[in-house]
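Protein chains in written order, with our numbering: chain B, 17 to 338; chain X, 87 to 422; chain Y, 41 to 681. Heads up, the beta-carbon is just placed ideally off N, CA and C, and yes, glycines get one too. Owing to the predicted nature of the structure, the values given are computational and were not obtained by experimental measurement.
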Amino acid sequence: MVRYIIRRLLWVMVTLLVITLLTYLIFFVMPPTDPAINFAGKQPTEELVAEVKRQFGLDKPLLVQYGLFVKRIFLGDEYGWPGLGFSFSTRSELKPVIFERLLITVQLALGAAILWLLVGIPIGILSALRPRSIFDRFAMGFALFGVSTPVFFLGPVMLYIFWFQLGWLPGSGFYPIGQYGFWEWFSHMIMPWTVLALAFAAFYARMTRGNLIETMGEDYIRTARAKGLSERRVVLKHGLRSALTPIVTILGLDLGALLGGAIITETVFNLQGLGNYAIQSVFSGDLYAILDVTIIAAFFITFANLVVDVVYAFLDPRVRYT
Amino acid sequence: MPEPLLQVNDLKVHFPTDDGLVKAVDGVSFQVMPGETLGVVGESGSGKSVSFLTVMGLITTKQAIIEGEVIFKGQDLLQIPQEEMRHVRGEKISMIFQDPMTSLHPFYKVGSQIGEAIRAHQKVSKKEAFDQAVEMLQRVGIPKPEERANQYPHEFSGGMRQRAMIAMALSLNPDLLIADEPTTALDVTVQAQILDLIDRLREEFNASIVIITHDLGVVAEHCDHLQVMYAGKIVETGTADDIYYHPHHPYAWGLLGSITRLDEEQRERLRPIKGLPPSLIFVPPGCAFHPRCPYAFDKCRVDVPELLPVDGQHAAACHLPLADKQRIFAEEVAAR
Amino acid sequence: MKKHLTIVALLAALALVAAACGGDEEEPAETGATGATGATGETAGFTQGGVVREELTDFGFTNGFDPTGEYLGTAWSWYQQMLIRGLLTYPGRAGAEGNLQVPDLATDLGQVSADGLTITFTLKDGIMFGPPVNREITSQDIAFAFQRINTESLIAQYGNYYCGTIVGMDCSAKSQDEPIEGIETPDDKTIVFTLERPTGDMIYRLAQPATYAIPQEVAGCFDKAGDYGRYLIASGPYMINGSDQLDITSCDTLEPISGYDPDKFMQLVRNPNWDPETDDVRLANFDGWVLNINSNIEDSYNKLLNGELDLLHGAPPAAFLQQYLTNPDLQDNFFSEEGDRTWYITMNLLVPPFDDVNVRKAANYIVDKAAMLQATGGESSGLIATTIEPPSVLPDLADYDPYATPNSAGDVDLAKAAMAESKYDSDGDGVCDDPVCDNVLMINRNYEPWSEYTPILQDNFAEIGINLKIRELDVSTAYTTIQTTENLIPIAVNAGWGKDYGSPFGFNFFLFNTAGDSCEGSVNYSHIGMGEDLAKECGPKTLAAWNAVTDNGANPLPNVDADMDACVALPTGPEYNACWAALDQKLMEEIVPWVPYRWGAANIAIGDTVENYQFDQSAGLIAYSQIAVTNGLTPEELFGA
């Protein structure tokens, strides 16, 4: 198992390298002109552009730039470790920006994950245990609504109703718990968490329902009942154990992707996370910012894949890696 | 006469479906005496499994219509509340199933699953239950039981898994063990081992056994009594000798004709029974077997034959007169 | 609108006369005019205190808020109106008046020598830098600002207004410490500029934020472009929150000021060292100002409407614009001011069919400017442009419309008449029949309202036989695409040009002078005056196109460099403006590089808390130096000052 993990970790590295190389290529090949011009102001004379290029390191050949970038990620640059470079737009170092934004995205993602698990899975379980009942129909109706309603619609609608009209909840923005206390932080996160969690909750409810219905039809459930176990034990220990295991996999993958940034939610609620930073950087052509966000997102996804596979091996004894 | 351990009277189990009412079990009566092995034979859809799932209270479909009596040690199991039934299952009556691979939970160790059965009915610690499980595994003839108890079902071979299932079923010393197709999923060589094991354990544990199977060959040596089921009803019942040497029902003749016999020379090809089992929604009128019976006559199409005694415990449900039955059997069936 | 323009023009002319009388006499006998406003006596009556709250989706700084290179109008407003002071500044008024300088650190608008080659300023007494520098500003601090402009590594993005004009400035100095030959500081209170040639609008250039006083003890630590922005030392009524915490004992002890986070916010509080007696311009009514970054623009407007913000700059999203224009309660809360910005279609003289001036004239007749204005949001988004310079920058041409069409909606007949003269219309029916008119590439932006122009222009040009293939790109890519000469983009509508300062020179110079032309980063998109050397340098395609259009150099491209040089030398005043007006007319009627279609408006939405609304014409934002707020908030409660 350990050898397996190490091999997978190496693949994670390789994947990240390939992704960053591709990002570099796309950045330089797609816009057919020199990014330095963008940052040389309104009147980009040749001298200005040349000096900008020099300060941004854009005067070196492409592969050298890429090599330096990789080296700095691993060994650090003048701002510390990991070497995330500096922003072309703000002329400031990127590390604090990236980490602060990552922290916000993590809080958004984890909070939403907890919410969607707490809501989605019980609904799925109850639906599975009472198929075709009123509860089940309502629950699946809710699921349909949840996966169909886009965040960019639901978000502003919620803001409008709960903040602007009713004043029940505070508006947009992120208020760090250290600075503003628990309630400020929490009350500002309620709507973003809800909006982000909704589609997932619906999906997880459906999935849990489907998995559990299928599991409850398995032979070992019959055996469990035949042993004289209480129905509660049959469902929880035998049924759910099997039904929820695939969900652990999906959860890992969903979280991995979400940690790369929930772009729309962050933008609508003005949570300065990695998601909306990604968009901003792409539009402003801020190379290192784009690369940093890409690497982080890619890292989370590939790492999540690895974690999920390893966890699955612990959950399902039939799966063994060499 | 000693009291029957299990007495089933006129059991009916019907399932309403969108296509119609499925009469899975349609008026079945039998008994299981203490210390004996009952063989229940029939094709798929004969109602043999459903009958005993009903005895166990494992029919979970809410719309199922269940009538009749299932009297176990003086108590009608159909009338007692769920919670009480739970105490019967596993402790007084146990059941093992056809495919031991899917019947054991793949994520839990075998020893834990057996321990779980024990702890459902007795107040013992996990460790004690596990130790008992190890002991049970040894009694069912699994070598290195401590190691095995810590393994997962997928690490066992087919035969071993079934032994483990049996161990689990017997761990609380039940009075009755129902084995639903216990050998169907196993190799032929292993089949015999399992059946021998069941025999041995019956004596050790002093339990009654019901073996449900579609294979007459399986029950030949191991059952005291046999009952043959067709389309939700019992069509013939008696001792093993009765059924094998003096069958009275054309279906039984057909079944016997379709097995190989070691005690006779193989003269001709095997003769399967023509046709297919009937739909349980649209059961043929009169005798359910009549569309496939080479000896059917008018009465068969109209009147449902009752299970009438032939002699002693031997009974059959067929309209053919006794003389005719004996003649047909002697001339045609036994001659093959 | 026209009526207003005329009045503005008259006022502007008057004001120009007044200013001209003050500046350029032989003997420096009279002190110059103090400018159009006097601040003293006006503080009484406006609410004191409160914090101005604003939001933006992005700072958008071009140089990290370092004034030496920072080119963003928003930043200039904040520098001039609140944070830092230089020799000259702007009064915070609308119209032509707002585009004229007033003395700030200097005692007057400068004494120009008879030959126009030297300008001398005297500094006022007792003006201090804010904490933690805490000392009086001297003429060396001004000279130092110019040394920074002159330093190559600091990338002074509008350095070319000074380099080549002030003696000894070439924008390629290796260090900020190198003194400049043409800038002398005989004593702490005097500074003398020596120019290469008489430059009429030098006074405008000396009011630009890059020239404002900078303390060497702090800025000297930063020799990379953009770095100083997070350590900005104030000299105006306000400073960045946390400036006093800056440890200036050495370059290594410096940490970015906490009140400015380039990703999130900027907070300003009062500068304790600012003395209102020394400041004729700024009222400094409020106690603090905070700008937060909000990625959701609708959210910002909602906050403005329910009182959580005090003002917002920029064009509001359609739904909110609707409210501001139709709701009687919001009538006084929304302003469309002249933005001193021209939006235009640019045509490339190197690329057929636009190498033919008749085609370019036809383009001017065919474009439906009214429809484009409508698509942009109607009157609140500005005026229909009829010439190159906006009327507030060059009021002389307020009524000039060389390609007038009924309702400015374009006129097919006039367009066809022009096209018929073109060599690409062989049968003279007014419709292009040459294959070069098929699939003509046009660059546009990919978001509204520009994306709305695509169908309009497609239809318009089709009527004269030009089949446009319009490519919509994001704004930076669009710009870099047309700035790269070798791309040979025939025509583009993504561009706009806002003034750097209120003199027409700043408007015209880069766009039509060969100095503004280059291979990458050209803003002379039409390539007026391009010579063979530059064509060769830019690449084979450019050279081929240039050869084709100029007949291998026999027929050079039109060139206005000489015209411009003539205007530049004149002192500012009616003669100066008339010179530029004549150039504009020549450009519009003889060279025709553009179809100007809109003079952009600057939109400002304010809450009910804002008092004494004034528009600062020079930077195009609200006049922070004049407004007051009644919200009674304190910097402590809002951001723990």
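Straight-line CA distance for L131(B) to A217(B)?
By one-based count along the first sequence, residue 131(B) stands at place 115. By one-based count along the first sequence, residue 217(B) stands at place 201. One C-alpha to the other measures close to 8 Å.
Beta-carbon within less than 6 Å of I114(B)'s beta-carbon, same chain only, minus the 5 sequence neighbours each way: which residues are those?
Locating residue 114(B) in the first sequence gives position 98, counting from the first residue. If we look at I114(B) and ignore the five residues flanking it on each side, its Cβ neighbours are L100 and D308.
Just to confirm the assignment, what range does the beta strand (DSSP E) spanning L673(Y) have?
Taking the third sequence and counting its residues from 1, the one referred to as residue 673(Y) is at position 633. It is not in any beta strand (DSSP E) - L673(Y) carries neither H nor E in the DSSP assignment.
Using the beta-carbon of each residue, which ones in chain Y are nearer than 8 Å to G187(B)?
Residue numbering aside, residue 187(B) sits at position 171 when the first sequence is read from its first letter. The answer, in chain order, is D339, N342, K343 and E348.
Among N286(B), F315(B) and P77(B), whose alpha-carbon lies nearest the alpha-carbon of D98(Y)?
For this step, residue 98(Y) is matched to residue 58 along the third sequence. Nearest C-alpha to D98(Y): N286(B).
So, under 8 Å CB-CB, L574(Y) and D557(Y) are touching, yes? Tell me the CB distance rounded to an integer number of Å.
By 1-based counting over the third sequence, the position of residue 574(Y) is 534. By 1-based counting over the third sequence, the position of residue 557(Y) is 517. About 6 Å; that satisfies the 8 Å criterion.
Would S246(B) pass as an interface residue toward chain X - the criterion being a Cβ-Cβ separation below 8 Å?
For the purposes of this step, residue 246(B) is taken as the residue at position 230 of the first sequence. For S246(B), the answer is yes, since a Cβ of chain X falls inside 8 Å of its Cβ.
Which residues mark the beginning and the end of the beta strand (DSSP E) in which W537(Y) is found?
Here residue 537(Y) corresponds to residue number 497 of the third sequence, with the count starting at 1. Looking at the DSSP string, the run of the beta strand (DSSP E) that includes W537(Y) is G536 to G538.
Run the CB neighbour count on Y331(X), radius 10 Å, all protein chains shown included, and call it buried at 16 or more, exposed below.
One-based indexing of the second sequence puts residue 331(X) at position 245. Burial call: exposed.
Just reading off the alpha helix (DSSP H) that M168(Y) is part of, what are its end residues?
Along the third sequence, read from residue 1 onward, the residue named residue 168(Y) stands at position 128. That residue, M168(Y), is in no alpha helix (DSSP H); it is neither H nor E in DSSP.
When burial is assigned at 16 or more other CB atoms within 10 Å of the CB, is L26(B) buried or exposed?
Counting from one through the first sequence, the residue named residue 26(B) turns up at place 10. Its Cβ having fewer than 16 others within 10 Å, L26(B) is exposed.
Assign Q71(B) to buried or exposed, taking buried as 16 or more other Cβ atoms, counted over all protein chains shown, within 10 Å of its Cβ.
Locating residue 71(B) in the first sequence gives position 55, where the first residue counts as 1. Burial call: buried.
Determine whether the Cβ of I195(Y) lies closer than 8 Å to any Cβ atom of chain B.
Against the third sequence, residue 195(Y) aligns to sequence position 155. Yes, I195(Y) counts as interfacial toward chain B.
Would you mind stating whether L32(B) and A273(B) have Cβ atoms separated by less than 8 Å?
For the purposes of this step, residue 32(B) is taken as residue 16 along the first sequence, with counting starting at 1. For the purposes of this step, residue 273(B) is taken as residue 257 along the first sequence, with counting starting at 1. No, the pair does not count as a contact, with Cβ atoms beyond the cut-off.
Out of G204(Y), L149(Y), D339(Y) and R310(Y), which one is the CA nearest neighbour of E94(Y)?
For the purposes of this step, residue 94(Y) is identified with residue 54 of the third sequence, where counting begins at 1. Of G204(Y), L149(Y), D339(Y) and R310(Y), the residue nearest in Cα terms is D339(Y).
Mind checking whether G121(X) and D96(X) have CB atoms under 8 Å apart?
Here residue 121(X) corresponds to residue number 35 of the second sequence, with the count starting at 1. Here residue 96(X) corresponds to residue number 10 of the second sequence, with the count starting at 1. No, the pair does not count as a contact, with Cβ atoms beyond the cut-off.
In chain order, what residues of the segment 501-531 of chain Y put their CB closer than 9 Å to some CB of chain B?
Against chain B - using a Cβ distance shorter than 9 Å - the residues of the segment 501-531 of chain Y are L513, D514, V515, S516, T517, Y519, T520, T521, Q523, T524 and N527.
Which residues, taken in chain order from the segment 198-231 of chain X, show a beta carbon closer than 8 Å to some beta carbon of chain B?
Here the close residues are E202, A203, A206 and H207.
Write down every uninterrupted run of the beta strand (DSSP E) in the segment 114-172 of chain Y whose length is 3 residues or greater and which is fully enclosed by it, in chain order.
Taking only runs of at least 3 residues, the beta strand (DSSP E) segments lying wholly in the segment 114-172 of chain Y are 158-162.
In three-state terms, what does DSSP make of P370(X)?
Counted from its first residue, the second sequence places residue 370(X) at position 284. Three-state result, P370(X): coil.
Strictly under 8 Å for the Cβ-Cβ distance: is Y198(Y) near chain B by that measure?
Working through the third sequence from its first residue, we reach residue 198(Y) at position 158. Yes, Y198(Y) counts as interfacial toward chain B.
I'd like the span of the beta strand (DSSP E) that includes S149(B), first residue to last.
Position 133 of the first sequence holds residue 149(B). No beta strand (DSSP E) contains S149(B), which DSSP labels as neither H nor E.
Alpha carbon to alpha carbon, how far is I414(X) from D327(X)?
In the second sequence, the residue the question calls residue 414(X) occupies position 328. In the second sequence, the residue the question calls residue 327(X) occupies position 241. Rounded to whole angstroms, I414(X) to D327(X) spans 18 Å at the Cα level.
Comparing the C-beta of G176(X) with each C-beta of chain B, is any distance below 8 Å?
Your numbering for residue 176(X) matches position 90 in the second sequence. Yes, because at least one Cβ of chain B sits closer than 8 Å to the Cβ of G176(X).
Can you pull the chain Y neighbours of N54(B), defined as C-beta to C-beta under 7 Å?
Taking the first sequence and counting its residues from 1, one reaches residue 54(B) at position 38. The answer, in chain order, is S516 and T520.
Take L38(B) as the anchor and find which of V323(B), I311(B) and G189(B) has the nearest alpha-carbon.
Residue 38(B) sits at position 22 when you count from the first residue of the first sequence. Among V323(B), I311(B) and G189(B), the Cα nearest to that of L38(B) belongs to I311(B).
Alpha carbon to alpha carbon, what distance is there between Q141(Y) and G75(Y)?
As a first step, residue 75(Y) must be located in the third sequence, where it is residue number 35. As a first step, residue 141(Y) must be located in the third sequence, where it is residue number 101. Unreliable placement is indicated for G75(Y), whose pLDDT of 36 sits below 50; the coordinate value is still reported in the next sentence. G75(Y) and Q141(Y): Cα-Cα distance of roughly 7 Å.
Determine the direct distance from the alpha carbon of D408(Y) to that of I506(Y), and round the result to whole angstroms.
Along the third sequence, read from residue 1 onward, the residue named residue 506(Y) stands at position 466. Along the third sequence, read from residue 1 onward, the residue named residue 408(Y) stands at position 368. The alpha-carbon atoms of I506(Y) and D408(Y) are separated by roughly 15 Å.
Could you have a look at I280(X) and say whether DSSP puts it in helix, strand or coil?
If you number the second sequence from 1, residue 280(X) lands on position 194. Helix, per DSSP.
What span of residues does the alpha helix (DSSP H) with T39(B) cover, start to end?
Numbered from 1 along the first sequence, position 23 holds the residue referred to as residue 39(B). Its alpha helix (DSSP H) spans residues V18 to V45.
Helix, strand or coil: how does DSSP classify C203(Y) here?
The residue labelled residue 203(Y) in the question sits at position 163 within the third sequence. Note: C203(Y) maps to strand in three-state DSSP.
Which whole runs of the alpha helix (DSSP H) in the segment 210-256 of chain B are 4 residues long or more, in chain order?
DSSP runs (the alpha helix (DSSP H)) wholly in the segment 210-256 of chain B: 235-242.
Using 8 Å as the Cβ pair cut-off and three pairs as the minimum, do the segment 477-490 of chain Y and the segment 538-546 of chain Y touch?
No, because fewer than three Cβ pairs between the segment 477-490 of chain Y and the segment 538-546 of chain Y fall closer than 8 Å, the two stretches do not touch.
Please list, in chain order, all residues of the same chain as E66(Y) whose beta carbon is under 6 Å from its beta carbon, the five residues on each side excluded.
The sequence position of residue 66(Y) within the third sequence is 26, counting from 1. With a pLDDT of only 39 at E66(Y), under 50, the local geometry of the prediction cannot be trusted, and no value is derived from it.
Under 8 Å between C-beta atoms, does H300(X) make it to chain A?
Reference to chain A is not applicable here, since the protein chains of this structure are B, X and Y.
Among residues of its own chain, excluding the 5 on either side of P68(Y), which ones have a beta-carbon nearer than 8 Å to its beta-carbon?
Counting from one through the third sequence, the residue named residue 68(Y) turns up at place 28. Any answer about P68(Y) is weak, because its pLDDT of 38 lies below 50 and its placement is not dependable; what the coordinates show is given next. These residues qualify, in order along the chain: Q151 and T160.
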